[in-house]
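For reference, the structure discussed in these notes is given below.
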Amino acid sequence: MATRQSLFLINFCKQLNTIVQDRCKDRVISMIRMGYSTVSNIDQTYIPRRTVMYVPGHDPKKLKKIPNLGVDCAVLECEDGVAINMKVQARKNIREALEYLIVKNVDLALRVNSCSSQLMEDDLGAIIGSDIGEPAKVERLPQTILLPKLDHVQELVTFTERLKSVKLNRKYCPYLITYVESTQGLMNMRDIMKQAAKYSEEGIFRMDGVVFGSDDFVADIGADRTSDAKELIYARQKIIAIAKAFRLQVIDMVHVDIEDLEGLKRTSIEGAKMGYTGKQVIHPKQIQTVQEAFTPSPVKVKWAHELIEGFEQHQKSGKGAFVFRGQMIDMPLLRQAKNILRVVENVHRPS
Ligand SMILES: CC(=O)SCCNC(=O)CCNC(=O)[C@H](O)C(C)(C)COP(=O)(O)OP(=O)(O)OC[C@H]1O[C@@H](n2cnc3c(N)ncnc32)[C@H](O)[C@@H]1OP(=O)(O)O
Ligand SMILES: CC(=O)C(=O)O
Ligand SMILES: [Mg+2]
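Here you go:
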């Protein structure tokens, strides 16, 4: 028979358990309210974007090359790669390209102009909507939309309203990737991501990544661009931290010196080590270097497989931490290993 003390102890434990569960539930709810995703990115569909390559919309010769470029993501460019007096032509070319381009394992994306330029509405109207003829079928629309120079939450609201109106009742839910290109954009990034998470839950688009628009950012802060990008380190890291808190991909800066393949390799490897998942590319010469830097090496893949195997064995024998190749391994290293395999499994997926 239970004594008074043991009954008290059982009761106390039950209450403690309820409090802990409630606290945990409250934390999860408040995280969701803050816009943070509780879904591990390991469980989500992953569209690889190691190379994100701009192909200017005014140049049909370049657009036709897309299926043979070997990039993960080809950006049908309407923004700064297209002169003001060529915007209308670029929209027409892009509409046509979406009809004739047959691609496999390429994320066909559209970079519209920024909301502040007041050209975004016409880009969406012409390419997604019916401004230049019959609206295209969903399969012929860009899988992803890139929204540059996103400085304020209100601009995301404006973009979203326009996107809703050009959908014309089709079941079109593109991935969305936004840009941080100014101090305002950096400061407001968290609020913008919260709003984007809300729209994603409503099924308007699927927020999937953030791009660091470093050239515009340099201009915004009045810095001098150096080869080691020291002047960008704070922004470059902060963008990763916020994007990852929302379980988003994060795409690193453009290397504008096309001939400097050494520098490209160095900054690509650096970006990958910092946590970027891909990098912007402007010329075919840059593709291979960037693709390699963002693909885990066979040595790293072997390490990840063996670590996971070792982890599972040690868990079974009741050990949380153990030594593997001279390193202490516990849960964070397991997550790192899983991140590596997730990239590899997705980039080598069958078409
Ligand atoms: C900071 C930012 O906002 S970056 C994003 C905006 N910028 C852009 O969109 C620019 C993208 N890049 C380009 O337009 C081009 O690479 C340029 C204009 C810089 C140079 O273009 P070109 O003078 O044609 O370069 P080049 O002669 O070396 O090109 C070699 C071949 O690659 C092709 N090529 C070059 N760049 C691209 C590209 N971006 N997409 C597809 N094909 C390309 C050329 O058409 C050419 O093909 P060919 O041999 O069959 O004639
Ligand atoms: C890519 C881009 O838009 C920038 O660096 O400003
Ligand atoms: Mg820019």
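Residue numbers (the UniProt record's numbering): 1 to 351. For glycine and all other residues, C-beta sits at the position ideal for the given N, C-alpha and C.
For residue i, the nearest candidate out of the options (CA to CA)
i, options, result
"G129", "F322, K164, G320", "K164"
"residue 358", "L307, L341, L150, V347", "An answer regarding residue 358 cannot be provided, because it is not within the stretch 1 to 351 covered by the chain."
"T183", "Q143, A219, E259", "A219"
"Q143", "L124, D107, I132", "D107"
"M207", "E259, T160, P56", "T160"
"S214", "R236, I84, S200, Q286", "R236"
"F205", "R266, R162, E121", "R162"
"S297", "I258, G278, M193, V344", "V344"
"I242", "N113, K64, M189", "M189"
"I192", "G222, K167, L147", "L147"
"V166", "R225, D131, G185", "D131"
"K198", "T295, L176, I329, N68", "L176"
"E312", "A196, L334, L264, Q327", "L334"
"M58", "I47, I84, L69", "Note on identity: in this sequence residue 58 is His, with Met being the wrong assignment. That would be I84, whose Cα lies nearest to the Cα of H58."
"T226", "T289, A245, T267, A136", "T267"
"A293", "I127, K230, E262", "E262"
"N105", "P284, N68, A321", "N68"
"E309", "T295, Q291, I329, P60", "I329"
"D216", "L232, E202, G203", "L232"
"N339", "A321, T295, S116", "T295"
"R325", "K300, K316, R342, V347", "K300"
"L110", "K137, R91, Q118", "R91"
"Y172", "D80, E202, Y179", "E202"
"E96", "K319, I127, I269, R170", "I127"
"A245", "K61, E139, G275, V323", "G275"
"T178", "K302, S200, I145", "I145"
Start and end residues, beta strand (DSSP E) containing residue i
i, result
"T51", "51 to 56"
"R111", "107 to 111"
"G278", "278 to 281"
"T178", "175 to 180"
Coil, strand or helix - residue i by DSSP
i, result
"K64", "helix"
"residue 386", "For the chain, the structure presents residues 1 to 351; residue 386 sits outside this window and is missing."
"L168", "coil"
"A74", "strand"
"Q327", "strand"
"M253", "coil"
"K316", "helix"
"T144", "strand"
"I242", "helix"
"C13", "Because C13 sits at a pLDDT of 47, beneath the cut-off of 50, its placement in the model cannot be relied upon, and the following sentence gives the value as read from the coordinates. Residue state, collapsed to three classes: helix."
"Y234", "helix"
"R23", "Reliability of the predicted coordinates at R23 is poor, the pLDDT of 44 falling under 50, and no value is obtained from them."
"D208", "strand"
"D224", "coil"
"M31", "Its pLDDT being 39, under 50, M31 is placed unreliably by the model, and nothing is read from it."
"D43", "With a pLDDT of 40 at D43, under the threshold of 50, the modelled position of that residue is not reliable, and the figure given next carries that caveat. In the structure shown, D43 sits in a helix (DSSP, three-state: H, G or I)."
"I308", "helix"
For residue j and residue i, believed in contact at Cβ under 8 Å, the rounded distance
i, j, result
"V210", "V250", "5 Å"
"R49", "C73", "4 Å"
"L156", "L150", "6 Å"
"V71", "M86", "Not quite, the Cβ-Cβ distance comes to about 23 Å (not below 8 Å), so this is no contact."
"A337", "A304", "4 Å"
"L124", "N93", "Not quite, the Cβ-Cβ distance comes to about 16 Å (not below 8 Å), so this is no contact."
"P56", "V88", "P56 to V88, Cβ: 14 Å. No contact."
"I239", "V180", "5 Å"
"V290", "T51", "5 Å"
Proximity test, residue i beta-carbon vs ligand 5 heavy atom, cut-off 8 Å
i, result
"V55", "Annotation note on ligand 5: not contained in the displayed structure, which lists ligand 1, ligand 2 and ligand 3 as its ligands."
Continuous alpha helix (DSSP H) stretch holding residue i: start and end
i, result
"Y199", "189 to 201"
"D216", "214 to 221"
"Q291", "287 to 293"
"Y100", "87 to 100"
"S268", "261 to 274"
"D122", "120 to 127"
9 Å Cβ cutoff, residue i in contact with chain C
i, result
"K64", "The structure shown contains no chain C; it holds only a single protein chain."
key: Test item, CB below 5 Å from any non-hydrogen atom of ligand 2   = Going by the Cβ distance cut-off, the answer is G213, S214, D215, D216, V254.
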